[in-house]
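In our numbering, the protein residues as written are 23 to 116.
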């Protein structure tokens with residue numbers, strides 16, 4: 023499920039940027055993209071609880087360190103890309 027949410031977050035981020043470039047209202051797409059980014063992280067944590075309940079410590083120790091770095095990076099990129107139109111709009115108005 024987290025993969026589906028992640029793909030939707032990426033698609034809505036590009037929709038957000040496209041709508042800004044086209045001069046349309048982009049704020050709903052921005053909110054959706056950030057929401058799906060959060061849902062991606064929540065869904066993945068829910069998935070990892072299966073491994074905790076099964077006490078599959080080897081799988082957790084293999085996956086968690088790399089996944090944590092990836093989620094930090096991707097979440098920061100998502101936030102920056104989605105709020106970029108706000109800053110560009112303010113810069114243009116000055």
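We put the beta carbon where it would ideally sit given N, CA and C, even for glycine.
| task | From the DSSP output, in three-state form, read off residue 45 for me. | result | coil
Measure the C-alpha to C-alpha separation of residue 54 and residue 31 and round it to an integer number of angstroms. 7 Å
For this session: Just mark residue 20 as buried or exposed, buried being the case when its beta carbon has 16 or more other beta carbons within 10 Å.
Result: As displayed, the chain neither begins before 23 nor continues past 116, which places residue 20 out of reach and without an answer.
message = Just verifying my parser: in three-state terms, what is the DSSP assignment at residue 111?
response = helix
Discussion item. Within 10 Å of its beta-carbon, does residue 28 have 16 or more other beta-carbons around it, so buried, or fewer, so exposed?
Written reply: buried
- Item | Per-residue burial, residue 42 [other beta carbons within 10 Å of its own, 16 or more giving buried] | buried
- Specify the secondary structure class of residue 76 as computed by DSSP and reduced to three states. coil
| task | Quick one: residues in its chain with C-beta nearer than 7 Å to the C-beta of residue 23, no 5 flanking neighbours on either side, listed in chain order? | result | 65
Where does residue 89 fall in DSSP's three states? helix
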